[in-house]
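Novice: Residue numbers (our numbering): 266 to 691.
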């Protein structure tokens, strides 16, 4: 739903069909999943529980949903078919928030009369893919002589109490809500200094994407400890959400039996990317690269390229340039033609074909290029990302400067004073 579009009341979504991009029905909406926050901040909508045709209830993140209307929901078509399991910080909107008795809150912050929640509305935040519950539709009970029984009204989420987590709570549920605004690197630093028991509790309460981001920033020992305490299917979900190169690095540290079992539980496409990366030596371009750069065909336009660059979940390094290749578009691609830097995209008209803009002079890296040569390459050409191409001319992936730095710094760099100062200054 674009910014400014009418808000959607969740009762209108119950039971509506869910379709993939080509129009085939995936299932029906069974419920919505929200994460409560400390105080009266509006809850973040995490995703939807969809009952698929086999009557299994699965979770579809909001990042996989491209269209929400009262009559239908459109997904990217990529649905994890593992059975939905509710986590401690999650609330089912239809099942747990509606018909609840809450209290209205006056302008002075004092709690007033008790009301019944009939519905809540959701809205997508401007310029972001995040969704929030923003309004509450309530019915008053018995009131004064001038107030008729059953009067209804719509109020802001902050105008009711009885939903949100308590500020003084110290459970993992409250810790997760308190840490919500921390960057992954800073939250990783907090987790590192928790007791193993509390670290496992907080990790279990985080959603898959958030935990994946945090795991990528943790020291190796913490990564292995946390992954080992998750249920195997949950561990596989988190590995799928990690960048393939980080997932490959983590899996390579596990015993062979555990590694194979987790790879088997992962989606085949994700597992194939990780297996391919694990075939390379760690301190080479192939071992450092990610298999998910922005790949475009030569007949794509500058407008197409900029739309891909704008994707919120891309790191700045991956968004710095696009890689132009012949089909297939997934790595390993067809013939690699060259790169187009973000600055060049800003200088040319939107209808210009990227095939006319490629920089083919920059030599790509080979997958066996050792780390010192990769470092020199980045320094010589002032790059933040570089293509990795095999002998046949196919693009295998891209190395980003953050991964290069990660392997150049001392192994304990994540535990140095920088992170302690970063949390205080964040």
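Think of the CB as a built atom: it goes at the ideal place given N, C-alpha and C, for glycine as much as any other residue.
For clarity, every value in this text was computed on a predicted model and none was experimentally measured.
Under a three-way DSSP split, which group does residue 624 fall into?
Specialist: The answer is strand: DSSP assigns residue 624 an E or B state.
Novice: Could you check whether the stretch 631 to 642 touches the stretch 521 to 535, counting it as contact only if at least three pairs of C-beta atoms, one from each stretch, sit closer than 8 angstroms?
Specialist: Counting Cβ pairs under 8 angstroms, fewer than three are found: no touch.
Novice: Would you say residue 472 touches the ligand FMN, meaning its beta carbon is less than 6 angstroms from a heavy atom?
Specialist: This structure lacks the ligand FMN, and indeed carries no ligand of any kind.
Novice: Check residue 631 in the structure and name its three-state DSSP category.
Specialist: Residue state, collapsed to three classes: coil.
Novice: DSSP three-state call for residue 274: helix, strand or coil?
Specialist: Note: residue 274 maps to strand in three-state DSSP.
Novice: List the endpoints of the continuous beta strand (DSSP E) containing residue 405.
Specialist: From DSSP, the beta strand (DSSP E) with residue 405 extends over 396 to 405.
Novice: Could you check what DSSP says for residue 557 in three-state terms: helix, strand or coil?
Specialist: In the structure shown, residue 557 sits in coil (DSSP, three-state: anything other than H, G, I, E or B).
Novice: Residue range of the alpha helix (DSSP H) that residue 386 falls in?
Specialist: No alpha helix (DSSP H) contains residue 386, which is instead part of the beta strand (DSSP E) from 376 to 389.
Novice: Can you tell me whether DSSP reads residue 457 as helix, strand or coil?
Specialist: Here residue 457 sits in helix by DSSP.
Novice: Does the structure place the stretch 512 to 519 close enough to the stretch 350 to 367 that three or more beta carbon pairs sit under 8 angstroms?
Specialist: The answer is no - the stretch 512 to 519 does not touch the stretch 350 to 367, with fewer than three Cβ pairs under 8 angstroms.
Novice: Can you tell me whether DSSP reads residue 316 as helix, strand or coil?
Specialist: Residue 316 falls in the strand class under three-state DSSP.
Novice: Please report the straight-line C-alpha distance between residue 396 and residue 309, rounded to a whole angstrom.
Specialist: The straight-line gap from Cα to Cα measures roughly 6 angstroms.
Novice: What are the boundary residues of the beta strand (DSSP E) that includes residue 650?
Specialist: From DSSP, the beta strand (DSSP E) with residue 650 extends over 650 to 654.
Novice: At which residues does the beta strand (DSSP E) containing residue 355 begin and terminate?
Specialist: Residues 355 to 357.
Novice: Which same chain residues end up closer than 8 angstroms to residue 413 when comparing Cβ atoms and leaving out the 5 residues on each side of it in sequence?
Specialist: Any reading at residue 413 needs caution, since the residue's pLDDT is 49, under 50, leaving its predicted position unreliable; the model's value is listed next. Excluding sequence neighbours, residue 413 sits near nothing in its chain.
Novice: Rounded to the nearest angstrom, what separates residue 319 and residue 342 at their Cα positions?
Specialist: Residue 319 and residue 342: Cα-Cα distance of roughly 17 angstroms.
Novice: Cα-Cα, which of 579, 469, 481 is closest to residue 237?
Specialist: There is simply no residue 237 to check, as the chain begins at 266 and stops at 691 in what is shown.
Novice: Compute the Euclidean distance between the alpha carbons of residue 532 and residue 664, then round it to the nearest angstrom.
Specialist: So the alpha carbons of these two residues sit roughly 24 angstroms apart.
Novice: Count the C-beta pairs between the stretch 547 to 560 and the stretch 633 to 647 that are closer than 8 angstroms, then say yes if the count reaches three, no if not.
Specialist: Touching, yes.
Novice: Please report the straight-line C-alpha distance between residue 511 and residue 643, rounded to a whole angstrom.
Specialist: Spanning the two alpha carbons is a distance of roughly 20 angstroms.
Novice: Would you give the residue range spanned by the beta strand (DSSP E) that residue 325 belongs to?
Specialist: Element bounds for residue 325: 322 to 326.
Novice: Is it true that the CB of residue 449 sits closer than 7 angstroms to the CB of residue 482?
Specialist: Their beta carbons are under 7 angstroms apart, which means residue 482 touches residue 449 by this criterion.
Novice: Quick check on DSSP: helix, strand or coil for residue 279?
Specialist: The answer is coil: DSSP assigns residue 279 none of H, G, I, E or B.
Novice: Looking only at its chain, what residues have a beta carbon closer than 7 angstroms to the beta carbon of residue 488, apart from the 5 residues adjacent to it on each side?
Specialist: Excluding sequence neighbours, residue 488 sits near 480, 515.
Novice: With a cut-off of 8 angstroms on the beta carbons, I'd call residue 554 and residue 427 a contact; round off their distance for me.
Specialist: Wrong, their Cβ atoms sit about 50 angstroms apart, outside the cutoff.
Novice: Just how far apart, CA to CA, sit residue 274 and residue 317?
Specialist: Their Cα atoms are separated by approximately 22 angstroms.
Novice: Apart from the five residues on each side of it in sequence, which residues of its chain come closer than 6 angstroms, Cβ to Cβ, to residue 357?
Specialist: Closer than 6 angstroms at Cβ, skipping near neighbours: 296.
Novice: So, do the stretch 284 to 304 and the stretch 335 to 354 have three or more beta carbon pairs nearer to each other than 8 angstroms?
Specialist: Flag = yes, the stretch 284 to 304 and the stretch 335 to 354 touch.
Novice: Going by CA-CA distance only, name the one from 572, 596, 587 that's closest to residue 625.
Specialist: When each option's Cα is compared against that of residue 625, the closest is 587.
Novice: Which whole-angstrom value describes the C-beta separation of residue 330 and residue 323, a residue pair presumed to lie in contact below a C-beta threshold of 8 angstroms?
Specialist: No, residue 330 and residue 323 are not in contact; Cβ-Cβ is about 13 angstroms, not under 8 angstroms.
Novice: Please name the residue, chosen from 463, 478, 301, 574, that lies closest to residue 451 on a Cα-to-Cα basis.
Specialist: Nearest option by C-alpha distance: 478.
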